[in-house]
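Enquirer: Residue numbers (our numbering): 93 to 484.
Please find one structure pasted underneath; my questions will follow.
So, in structure tokens, the structure goes:
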């Protein structure tokens, strides 16, 4: 379900942008002989049929110079933290401390990588460098030229780099073929015009993949459904912000949870979320809470993370609480130790690796972490019911 993020990393002018264009078979990335042309990470989506949806990330040179260069290098390292795999690009028989430090970082992060020797039409790879890298890293170099590209060999190397992505199901551990799954999807000012949000679409596809029957409605239609039908859902998944209303309309013996909690189980550190949510009862005046969103979006007064959860936390705890908001994968400027609680959204717009890497430093620092859905379930008095399906 997650897209595979592959970072293209190397020194300036090794042909990283030309490589991206070659992979895409389109002139998408700006190419120049001037070192430092790529000044910010550039992401390009690509579909490898039958294998995976991939995001290739073109990055600034790891050897950039000057004050701006240092900022660009920092951006490259940030990309690396969230990449699933890496293509390390070298050329002109240059291989030294820059590359060795990067490879060490790949190993620490557990990232598969390939080393691609680019611009082989300009300067051939020396046997000495080939032997040195092969002996040190037990890896063969892929020699390549974007002037005379062999795209098939390149794509096969990328496919081997990706491997066979693990096929996981959002609901597979909760449902069985033939069951009826109800999705409750309120339409308000936060809903995108003319379409459904990503978690709802992904959940629908997962229900179909598991050979189940889905029924999709808004909270107001739940009573009508039970009045006009003798069917009983095996599982109800609702938008977290209407948890309380939906819980009152769904019989207590029907399993109930939310989109956000399902994604927390699918991508996040679920056991830490379960434990961390209880910290809400211990919040004190002046505590600071970090709200982590996985996407950038227009904010309205109905925004669940910016307005609804903070307002409910202040009201339910009776405490004066301060909040910081970080969107997408933007940098977290404050130390994690400044926070009494961190609340992460479902994470539908980021990969499991990106979500884990983002929240793991807080967990290691001993900071309680929760999730939008779990927090809302707690605040509306249905935390046990909303998490019960996963305990089974």
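In this text, a Cβ means the ideal position worked out from N, Cα and C, and glycines have one as well.
Computed from a predicted structure; not experimentally measured.
Can you tell me whether residue 292 is buried or exposed? The criterion is at least 16 other CB atoms within 10 Å of its CB, across all chains shown.
Expert: Buried: at least 16 other Cβ atoms inside 10 Å.
Enquirer: Should residue 314 and residue 272 be called a contact, given that it needs their Cβ atoms to be closer than 7 Å?
Expert: Result no, Cβ atoms of residue 314 and residue 272 do not sit closer than 7 Å.
Enquirer: Identify every residue that forms a DSSP beta bridge with residue 275.
Expert: 308 and 329.
Enquirer: Check the DSSP bridge columns for residue 174 and list the partner residues they point to.
Expert: Its beta-bridge partners do not exist; DSSP assigns none.
Enquirer: Could you say which of 175, 141, 154 and 151 lies nearest to residue 98 if we only look at CA atoms?
Expert: Ranking the options by Cα distance to residue 98, first place goes to 175.
Enquirer: CA-CA distance, residue 211 and residue 169?
Expert: So the alpha carbons of these two residues sit roughly 24 Å apart.
Enquirer: Report the option in 143, 161 and 136 whose CA atom is closest to the CA atom of residue 149.
Expert: It is 136.
Enquirer: Based on Cα-Cα distance, which residue from 474, 310 and 384 lies nearest to residue 425?
Expert: Residue 384 is the option with its Cα nearest to residue 425.
Enquirer: Going straight from the alpha carbon of residue 161 to that of residue 167, what length do you get?
Expert: Approximately 10 Å, taken between the alpha carbons.
Enquirer: Determine the DSSP secondary structure at residue 433, reduced to helix, strand or coil.
Expert: In this structure, residue 433 counts as strand in the three-state DSSP scheme.
Enquirer: Three or more C-beta pairs closer than 8 Å, one from the stretch 402-413 and one from the stretch 473-480: is that the case here?
Expert: No, the stretch 402-413 does not touch the stretch 473-480.
Enquirer: Expressed to the nearest angstrom, what Euclidean distance is found between the alpha-carbon atoms of residue 204 and residue 221?
Expert: Going by the C-alpha atoms only, they are around 21 Å apart.
Enquirer: Residues in its own chain within less than 7 Å of residue 142 by CB, not counting five upstream and five downstream?
Expert: Excluding positions up to five away in sequence, the list is empty.
Enquirer: Return the chain-ordered list of same chain residues with a C-beta closer than 8 Å to the C-beta of residue 464, the five sequence neighbours on each side being excluded.
Expert: Here the set comprises 332, 352, 396, 397, 401, 435, 436, 437 and 438.
Enquirer: Between which two residues does the alpha helix (DSSP H) containing residue 109 stretch?
Expert: Run containing residue 109: 108-116, per the alpha helix (DSSP H) assignment.
Enquirer: Return the residue from the list 279, 184 and 172 that minimises the CA-CA distance to residue 193.
Expert: That would be 172, whose Cα lies nearest to the Cα of residue 193.
Enquirer: What are the complete alpha helix (DSSP H) segments, minimum 4 residues, inside the stretch 329-393?
Expert: Here the runs fully enclosed are 335-341, 351-359 and 362-369.
Enquirer: Where does residue 245 fall in DSSP's three states?
Expert: Helix.
Enquirer: Provide the residue span of the alpha helix (DSSP H) that contains residue 135, from first to last.
Expert: Segment 134-140 is the beta strand (DSSP E) holding residue 135; no alpha helix (DSSP H) there.
Enquirer: Under 7 Å, do residue 266 and residue 440 count as touching if we go by C-beta distance?
Expert: Against a cut-off of 7 Å, the Cβ pair of residue 440 and residue 266 comes out as no contact.
Enquirer: Excluding the five sequence neighbours on either side, which residues of its own chain have a C-beta within less than 7 Å of the C-beta of residue 124, listed in chain order?
Expert: Note that residue 124 scores 47 on pLDDT, short of 50, meaning its location in the model is unreliable and no value can be drawn from it.
Enquirer: Using 6 Å as the cut-off, classify the Cβ of residue 470 as near or not near the heavy atoms of the ligand PLP, replying yes or no.
Expert: The model on display carries no ligand, and the ligand PLP is accordingly not part of it.
Enquirer: What are the boundary residues of the beta strand (DSSP E) that residue 206 is part of?
Expert: Counting along the chain, the beta strand (DSSP E) containing residue 206 begins and ends at 205-209.
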